[in-house]
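Student: One structure follows; several queries about it will come next.
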Amino acid sequence: MTARILVVDDIQANVKLLEARLMAEYFQVLTATNGRDALQICDNGQVDLVLLDVMMPEMDGFEVCTRLKSNPKTAHLPIVMVTALDQPQDRVRGLEAGADDFLTKPVSDLALITRVKSLVRLKMLTDELRLRANTGRDLGLEPMLDLKDETGGRKAKILVVDDRPSSYERIVKYLATEHTVAVIPDPQEALFRAADEEFDAAVISMSLSNFDALRLCSQLRSLERTRVLPLLVIAENDQEAGVIRALDLGVNDYIRRPIDRNEMLARVRTQVKRKRYNEKLRDSVQATIEMAVTDGLTGLNNRRYFDTHLQGMFEKAIGRKKPISIIMCDIDHFKAVNDMHGHDVGDEVIREFARRIRKNVRNMDLACRYGGEEFVVVMPDTDVALARIVAERIRSEVAAHPFIISGKATLPVTVSLGVSCIDGEHDTPEKLLKRADVALYQAKRSGRNMVYTEAA
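Letter by letter, the sequence shown follows residues 1332 to 1787 of the numbering used here.
What follows is the structure in structure tokens.
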């Protein structure tokens, strides 16, 4: 794993020391000796993680962190504050400014590299989601997404795994001021609950009596339902090696005992905010995918989706020695509808026609808007006789019930349909589609408002 790390410190010796440690692990290292230069480097998009000194002249690390997190271009950057300050209030101030973690000088090599690798791994996931979401927006498939968490990381559902009442009662007391908390002392039960319920974060004690807490963390990371659930471990001061191992397993953060109330709340907020940010990115990516294969006017699948899936459906029919049929539909005299009533009415007609197609086909059938006023339905496990019955049902439904336009006026509409069916194992999807198209043309030429079947 490699990444670009920005080291910010006004003391050159500290910069050189961190630079040497990181380069020994094959990280690319950039350096800055003041906050202004650090902001400029980050704004140019050259950085994957920032190691930020707190005590600097002109602009201290807290202000630099706040500015980075308030800038949409850099808000997703992981920031680790490296400082001689070791009081809980200092850590809370940094966490509230947006820092992801604190490392106290002198920093051990193992703690530094483990923490950097852990945060870089999380950023890579976010970067991939951001890239996909931005690509969708650039293509006009998805509007700009508001990624702000208006709750500030509060009002979350938190799972606490701890089997010591004296410990978990204090944790619940702290967290319940901002979140809903579920305490489950039994690690195996906690694993099942985490997989079944929608938690926003899990807080796990590393001092469980009869169970290895790291194994629970590993199990949570291995399950698909909990793979991205933020995990925070609570560690004793002598569990440094366990904390480093936990971070290596994918745990997001840790809290040392004795637990400081404000620090715990700040760390949980940070993880909840990041989870919600990534969830919005995932939703944006999913919406982009759906928009790429969905016709925006009708909600049916579009031509792109049809072209991609016809081949697979055809091959499946061949392999199973089952029939597959295609119905092609075209709204009659649709140009006249647009010319006489306007394109808004034309859009209403297309939407209503799509609704009637959906009403008359099965869930297993693939109904698509092929282009303009033309639609296509692919019907697996359907021979030509049954496909013709369905096509006739669509035709009669449209002809018998005029379309209601703008909530009151009625407009008579008819449709022509062409039907074709697979013709043996030497047939092709292209030939099947062509025969349906020819049948549709015959229906149009023969007077419209009819179903025509094209022989192979």
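Note that CB positions come from ideal geometry on N, CA and C, so glycine has one too.
On the DSSP bridge assignment, give the partners of Thr1362 in chain order.
Tutor: Val1338
Student: Checking 7 Å against the spacing of the C-beta atoms, do Cys1660 and Leu1748 come in under that value?
Tutor: yes
Student: Assuming Ala1532 contacts Glu1427 under a Cβ cut-off of 8 Å, what Cβ separation, rounded to an integer in Å, is found between them?
Tutor: So it is not a contact: roughly 17 Å between Cβ atoms.
Student: Tell me which residues share the same chain as Asn1691 and place their Cβ nearer than 7 Å to its Cβ, disregarding the 5 neighbours each side in the sequence.
Tutor: Val1721, Arg1724, Ile1725 and Glu1728
Student: Please list the terminal residues of the continuous alpha helix (DSSP H) segment that includes Ile1590.
Tutor: It is not in any alpha helix (DSSP H) - Ile1590 carries neither H nor E in the DSSP assignment.
Student: Specify whether the segment 1344-1359 and the segment 1388-1408 touch according to this definition: at least 3 beta carbon pairs, one from each stretch, less than 8 Å apart.
Tutor: no
Student: Excluding the 5 residues flanking Lys1775 on each side, which residues of the same chain have their C-beta closer than 6 Å to its C-beta?
Tutor: Ser1747
Student: Taking only runs that begin and end inside the segment 1475-1511, name each unbroken beta strand (DSSP E) of 3 or more residues, in chain order.
Tutor: The qualifying runs are 1488-1492.
Student: Between which residues of its own chain and Met1710 is the CB-CB distance below 6 Å, once the five residues before and five after are set aside?
Tutor: Ser1656, Asp1696 and Ala1718
Student: What separation, rounded to the nearest whole angstrom, lies between the Cα atoms of His1407 and Ala1442?
Tutor: CA-to-CA, the gap between His1407 and Ala1442 works out to about 22 Å.
Student: Can you grab the Cα-Cα spacing for the pair Glu1500 / Leu1337, in whole Å?
Tutor: 40 Å
Student: Under 7 Å Cβ to Cβ from Arg1556, same chain only, skipping five residues before and after it: list those, please.
Tutor: Ala1526
Student: Across the segment 1374-1387 and the segment 1341-1353, are there enough close Cβ pairs to call them in contact, namely three or more that are closer than 8 Å?
Tutor: As far as the Cβ criterion goes, the segment 1374-1387 touches the segment 1341-1353, which means the pair count is three or higher.
Student: Residues bridged to Val1769 by DSSP?
Tutor: Beta-bridge pairing links Val1769 to no other residue.
Student: Compute the Euclidean distance between the alpha carbons of Met1781 and Val1750, then round it to the nearest angstrom.
Tutor: 11 Å
Student: Under three-state DSSP, which class holds Val1746?
Tutor: Under the three-state reduction of DSSP output, Val1746 falls in the strand class.
Student: Smallest Cα separation from Pro1496: which of His1640, Glu1509, Ile1515 and Leu1453?
Tutor: Ile1515
Student: Which residue wins for smallest C-alpha separation from Gln1418, given the options Val1378, Arg1592, Gly1703 and Asp1768?
Tutor: Arg1592
Student: Please list the segments of the beta strand (DSSP E) lying wholly inside the segment 1518-1590, counting only runs of 3 or more residues, in order along the chain.
Tutor: Within the segment 1518-1590, the complete beta strand (DSSP E) runs of at least 3 residues are 1532-1536, 1562-1566 and 1584-1587.
Student: Starting from Met1421 and walking both ways along the alpha helix (DSSP H), at which residues does that stretch end?
Tutor: The sequence as given places Asp at residue 1421; Met does not occur at that position. Residues Pro1419 to Ala1428.
Student: How is Leu1382 classed by DSSP in three states: helix, strand or coil?
Tutor: strand
Student: Would you kindly work out how many angstroms separate the C-alpha atoms of Arg1689 and Ala1698, rounded to a whole number?
Tutor: 7 Å
Student: Kindly indicate the opening and closing residues of the beta strand (DSSP E) around Thr1435.
Tutor: Asp1432 to Thr1435
Student: Considering only DSSP beta bridges, list what Asp1702 is partnered with.
Tutor: This sequence places Gly at residue 1702; Asp is not what is there. Bridge partners of Gly1702: Glu1705.
Student: Any heavy atom of the ligand GDP inside 6 Å of the beta-carbon of Glu1723?
Tutor: In the structure shown, the ligand GDP is absent, as is every other ligand, since no ligand is present at all.
Student: Considering only the alpha carbon of each residue, which of Gly1392, Leu1353, Asp1758 and Arg1452 lies closest to Asn1341?
Tutor: Correcting the residue type first, residue 1341 is Asp in the shown sequence and not Asn. Selected option, being the one with the closest Cα: Gly1392.
Student: Considering only residues of the same chain and omitting the five flanking positions on each side of Ala1513, which have a CB-CB separation below 6 Å?
Tutor: Excluding the 5 residues flanking it on each side, Ala1513 has same chain C-beta neighbours closer than 6 Å at Leu1490, in chain order.
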